[in-house]
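**Student:** Here it is: the structure, laid out below.
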Amino acid sequence: MSSSTTPECNCRITLDFDILRQSQVFAGAPAEVVKLFAYLSRHRTYQPGASILLQGDKAENCYLIISGEVDIITRHRDQEIVVQRLRPGSFFGELALLARFDWFFSARATQETEILIISREGFEKVLSKYPEKRDKITEKVIQLRISRFENQTANLLDRLLEAGLSADSGPLIG
Amino acid sequence: MSKFDTTPITKRTLFSWIINRFRGPQLMLLGVIIVSLFFRVYPLEMQRKIINEAINLKEIDLLFLYCGLYMAAVLVAGLLKYFINSYQAIIGQKILIEMRQELYNHILRLPLQFFHRTQTGTIISALTAELNAIGMFLGGALAIPVTSFLTFLAFAGYMIYLNPFLGLISMTVYPFELVVVPLLQKRYNAINRTRVTVTRAMANLVNEASSGIHEVQANAGFDLEKTRLDRLVERLYIIMRRLSILKYGIKFSNNLFQSLGPFLLFLIGGYLAINGQFTIGALVAFLSAYEKVYDPWKEIIEYYQDYQDAEVRYRQIMEAFDLEPEYLLAAPDRKPLTLKGHIEARNVGYTIDNTTRLLDEVTFDLTPGSHMALIGFSGSGKSTLSLLIGQLYSHTQGVLSVDNIEINEMTKLDIAKNISFVSQHPFIFTGTVRDNLLYSCSALQRSGVLDELPDSPDLINMIANVGLAEDVIRWGLRTVIPPRQAYPLVDKFLRMRDIVSSELRRQFSHVVEFYDANLFLEYSTLGINLTFSSYPGSPHVEGLIGNEPFRAFIKDNALLPWLLELGRSIAKTTITLLADFQNDEFFFQGSPMEPDQLDSYIALVKKADSKGIEQLKDQDQDRFLALALLFTPGQHKIYTISRADKDRIVAMRQKFLQNVLGIDLEQCRNGVLQRTIYDMAQMAPERHAIFFTPFCASQYLYSHSLLDNIIFGTVIEKDVVQSTLAPLALQLFKDQGLLDEVFEIGLDFHVGSKGDKLSGGQKQKIAIATALLKNAPILILDEATASLDNNSQARIQQYINTQLRKTTTVIAVMHRLDMIAGYDHILVMKAGKVVESGGYTELMKERGILYELVNNS
Ligand SMILES: Nc1ncnc2c1ncn2[C@@H]1O[C@H](COP(=O)(O)OP(=O)(O)O)[C@@H](O)[C@H]1O
Ligand SMILES: [Mg+2]
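Going down the list, the sequences are from chains A and B. Quick note: the first sequence uses my numbering, first residue 1, plus one each step. Quick note: the second sequence uses my numbering, first residue 175, plus one each step.
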């Protein structure tokens, strides 16, 4: 089943602890906090093409890719547009940790993909024990969001430019 | 109305309940009381005779006779008192039953506006605790004062008969009390009234917190709620303290006056006796009589207090509900109407509190069988209008009629028979899905309007019509079917298991852990991993630990020390990581330990560390064993065991199956195992005691849900399995000819308190089905499909457009403008007024407000 339980490992928390420790959001957080997140997170494996989250559904969890590959998709004018392709080590849905909202994108596994899931409920509960750590982690989440935004915009603009040039429809940016 | 009393219930006096009801029994009680009086006075006379005649004249025979008579009278008086007390309590409870029933009946029929302004806690508190307190008083309300008064008179009369002068003197203290006690009581009553108010506020608060428990827990509003309650608790304490002080103040003054009596008696009576004007026997009898006179007096005072208390409560209860139901339940002179469904509104208006006008000048005319859509912005009065047509509110201006009969003149039964109403936020009752679906019809049947309830095919049909079929299948799948119901279907269920296993095994490989005797089960407890069976209480392990063959097995195979060590390690890691989180269950999801066990495990680990785990008492060892056997690697992240350990467990499991249960592994895997014996054990448990039921392919697991049985494994990701499996299961059940059976099972699904286990959409579908089953000529839907997905909305709209066309007059408040084209008439509302009215195409052509709305949405 969950292949994180590698045969000889005696240490399920330790494994996730290491993964989280090296991640963008939790790097720098104290070990005891990361340990709790590792304890409360769970693994889930998705088959190729399986939907991980759906635009319009309630956002409850944040996801960290352990292996595989994930497409971030936005529906626009009844068309699906892949805005980004994420690889192991990337977070997505991290805003769900901070606020309640409905997903404004969908995520889908392009191959067999293993993901570590942290729920907002767990996040809230841990940080209510360590309120002084909240600011730091929130800042990291927002920074991550900004770099993601830059990335996606660049990605879209690249494609726009390519499309614009090939269609020879004149300059896109005046 | 009650058969006893034609005044409205809330206007009756407390005593009208007593005087008008159970007169026979109360009269009999009175008779018994009067008889008992004689037996209470008689011993006094015997006392006098024993001293004056028997002892003085030294007559042994007379002594025996009088003593015998004395004893007999005392005994009879005691028995009568016993009878009087219990009989009076019984009468009280009988009156209380009627009072409660009639009041509840009255409350249920009060206008909706009453419920808008009255909190639930008030109603509950009034109908339960407050009425109970009155019940104690009711039974004795007539008998006690009469008894006490007569007893008092009897003893007082006896004293005056013995010595008029002395008798009158000892009576002089009572008038004083008649002044003092009521003064104190008046003060008491005033405080008592605030007590009732505060208690109700408390009931309301608790009721609100429990109804809104989602919000409380989601916002961690515990302290907030507690502070609110604390304030009331504090107030109640102050009130109770004052009440006690007053109550015992009354008692004290009573006692004080009372002790003046003997003082006077000894002084004056002694003087008379010394002077020979009074016999010793008479003095003794006099003293006894004086003592006795105190009892009824005390009773009168207590009765007076109880009466005041009951009166205060009673008035407060009745004041709370002092309102008349607006409509009769049924007309006395005719049967409930049978209407065609011609609805007409002429200048209908609705004003509340005499000033606020919620609706104004609403006019429309709907022929029987035509369909009207109500649209408009939120707050424009659509719900209000539909409530008026449903007679849940009463219009204040204009004419609103069905088949030319004013709605305000119809009875509740007329409405119930002819109008089905689905509200915006339907209420689901605690009970099964079936109970809820049949609610409207059952109510009509009870009132004699409907002969027969819809039968199962009708229900199943309706389930499909409103798009509830898959949900019902899903509920059926979640049910642990009682053995007797499952047994005849087992063969078919097992065939489905085969199909699911061959068709879905690959697709489900990540979301289900299938049972396989050769594989370690990450998502099952070690107990189940070792035994590969279900057992009484599984997955809990108390039964397993107490099972002799299992114990012997783990001992003989040297598993016990390993399991104990494992239990200790799990306990230690849990304690290290979670000691600070003891009050939050959430953190314990990754450990087999429960939060409330933490402290005892801390002590246990200490003990084990100092003594050595082998030295622990059996029951302490069992606690470590329990942790180990409950440990579920896939779920309990707190700990992990090695591949080698897992392999060892699988090997042990196979040994257990073969040696202890005597099962051939190959047969178990391939599904050719004889299974009769396990079925028999379920059907006749008294004759076939079977503890372990193995997870063999041919074995139906009676203690598991239908889903578990068909999947034959542990579901890891419920959402995926449910969404994929329900449609497939629907098809499979159909193929196997099992559909009706599973529908029946699903219909018996328990929806939880107020439908807690249902989604908003499921609640709406059930409410719509309930209304449609009634088959009334008029159907009112107030945004009845708002929380459904698009497909379900379209399906139900389609059903209305086709099946109800021409047969049912439909008024639907619509929130989706893309679905209104099929309606005959559109009414557009704004701020309580109709701003457009007409056919869809006609209005769209006019390019007015509807056109705007449709094109902007
Ligand atoms: N019991 C009531 N007391 C006072 N105002 C009410 C009551 N019920 C409804 N209202 C008011 O009447 C207006 C119409 O409400 P409603 O009929 O529910 O609107 P709609 O269903 O069109 O959204 C709203 O402004 C609402 O606040
Ligand atoms: Mg409304």
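Yeah, the Cβ is synthetic: ideal placement off N, Cα and C, and Gly gets one too.
#1: Under 8 angstroms: does the beta carbon of Ser961(B) sit that close to some heavy atom of ligand 1?
#2: Quick check on Asp1047(B): buried or exposed, where buried means 16 or more other Cβ atoms within 10 Å of its Cβ?
#3: Any heavy atom of ligand 1 closer than 8 angstroms to the Cβ of Thr525(B)?
#4: Please tell me whether, using a cut-off of 8 angstroms, the distance from the CB of Glu957(B) to the nearest non-hydrogen atom of ligand 2 is below it.
#5: What residues of chain B sit near Glu121(A), judged by a beta carbon separation below 8 angstroms?
#6: Would you please verify whether the beta carbon of Ala163(A) is less than 9 angstroms from any beta carbon of chain B?
#7: So, with DSSP's three-state summary, where would you put Tyr524(B)?
#8: Taking Leu540(B) as part of the beta strand (DSSP E), name the residues at either end of that continuous run.
#9: Return no unless some Cβ of chain A is closer than 9 angstroms to the Cβ of Asp770(B).
#10: Have a look at Gly523(B), Lys746(B) and Phe727(B) and flag the residue whose alpha-carbon is nearest the alpha-carbon of Ala777(B).
#11: Contact defined as beta carbons within less than 8 angstroms: I believe Asn378(B) pairs with Thr296(B). What is the distance between those atoms, to the nearest angstrom?
#12: With 16 other CB atoms within 10 Å as the buried threshold, where does Arg827(B) fall?
#13: For ligand 1, is there a heavy atom less than 8 angstroms away from the beta-carbon of Leu532(B)?
#14: Unbroken alpha helix (DSSP H) runs of length 4 or more, entirely within the region 891 to 949 of chain B: which are they?
#15: Does any heavy atom of ligand 1 sit closer than 8 angstroms to the C-beta of Thr110(A)?
#16: Using DSSP with H/G/I as helix, E/B as strand and the rest coil, what is Gln135(A)?
#17: Go to Cys62(A), then tell me how far its beta strand (DSSP E) extends in each direction, as first and last residue.
#18: With respect to 8 angstroms, is the separation between the Cβ of Val987(B) and the closest non-hydrogen atom of ligand 2 below this value?
#19: Where DSSP assigns a beta bridge to Ser206(A), which residues make up the other side?
#20: List, in order along the chain, the chain A residues whose C-beta lies closer than 9 angstroms to that of Glu891(B)?
#21: Exposed or buried, what is Ser418(B) when buried is set at 16 or more other beta-carbons lying within 10 Å of its beta-carbon?
#22: Counting along the chain, where does the alpha helix (DSSP H) carrying Ser119(A) start and finish?
#23: Which of helix, strand or coil does DSSP assign to Val83(A)?
#24: Using a 10 Å radius around the Cβ and a threshold of 16 neighbouring Cβ atoms, would you call Arg44(A) buried or exposed?
#25: Using 8 angstroms for Cβ pairs, my map puts Asp539(B) next to Glu518(B). What's the rounded Cβ distance?
#26: Below 8 angstroms CB to CB, which residues in the same chain sit around Lys138(A) once its five sequence neighbours on both sides are set aside?
#27: Between which two residues does the beta strand (DSSP E) holding Lys1004(B) run?
#28: Using a Cβ-Cβ cut-off of less than 8 angstroms, list which residues of the region 129 to 141 of chain A approach chain B; keep chain order.
#29: Beta-carbon within less than 6 angstroms of Val522(B)'s beta-carbon, same chain only, minus the 5 sequence neighbours each way: which residues are those?
#30: What does Tyr63(A) reach in chain B if we use C-beta pairs closer than 8 angstroms?
#31: 9 angstroms is my cut-off, CB to CB: does Ile52(A) come that close to chain C?
#32: Given a threshold of 16 other Cβ atoms within 10 Å of its Cβ, counted over all protein chains shown, does His516(B) qualify as buried or as exposed?
#33: If you reduce the DSSP assignment to three classes, tell me which class Pro868(B) lands in.
#34: Can you name, in chain order, every residue of its own chain whose Cβ lies under 7 angstroms from the Cβ of Tyr697(B), other than the five neighbours on each side?
#35: Whose Cβ in chain A lies nearer than 8 angstroms to the Cβ of Ile812(B)?
**Tutor:** Well, looking at it:
#1: no
#2: Not covered by the structure: residue 1047(B). The range shown for chain B is 175 to 1031.
#3: The answer is no for Thr525(B).
#4: yes
#5: Neighbours of Glu121(A) on chain B, chain order: Phe760.
#6: Chain B has no Cβ within less than 9 angstroms of the Cβ of Ala163(A).
#7: strand
#8: Thr530 to Leu540
#9: Not a single CB atom of chain A sits nearer than 9 angstroms to the CB of Asp770(B).
#10: Lys746(B)
#11: 6 angstroms
#12: Looking at its Cβ environment, which holds 16 or more other Cβ atoms inside 10 Å, Arg827(B) is buried.
#13: Within the chosen limit of 8 angstroms, ligand 1 reaches the beta carbon of Leu532(B) through at least one heavy atom.
#14: Segments of the alpha helix (DSSP H) lying fully in the region 891 to 949 of chain B: 892 to 909, 913 to 921 and 934 to 948.
#15: no
#16: A small fix is needed here, since residue 135(A) is Asp in this sequence, not Gln. Asp135(A): helix per DSSP, three-state reduction.
#17: Asn61 to Ser67
#18: yes
#19: No statement about residue 206(A) is possible, as the shown extent of chain A runs from 1 to 174 and does not include it.
#20: Arg44
#21: exposed
#22: Ser119(A) -> not in any alpha helix (DSSP H); beta strand (DSSP E) instead, spanning Thr113 to Ser119.
#23: strand
#24: Result: buried.
#25: Approximately 5 angstroms separates the beta-carbon atoms of Asp539(B) and Glu518(B); this is inside 8 angstroms, confirming the contact.
#26: For clarity, residue 138(A) is Thr in the given sequence; the question names Lys instead. Here the set comprises Leu98.
#27: For Lys1004(B), the enclosing beta strand (DSSP E) stretches over residues His999 to Lys1004.
#28: Lys129
#29: Val536, His569, Gly572 and Leu574
#30: Result: empty, since nearest Cβ-Cβ is about 14 angstroms, beyond 8 angstroms.
#31: Judged by its chain identifiers, the structure shown contains no chain C, and its protein chains are A and B.
#32: buried
#33: strand
#34: Glu687, Thr806, Gly808, Gln809, Thr888 and Ile890
#35: Ile13 and Tyr39
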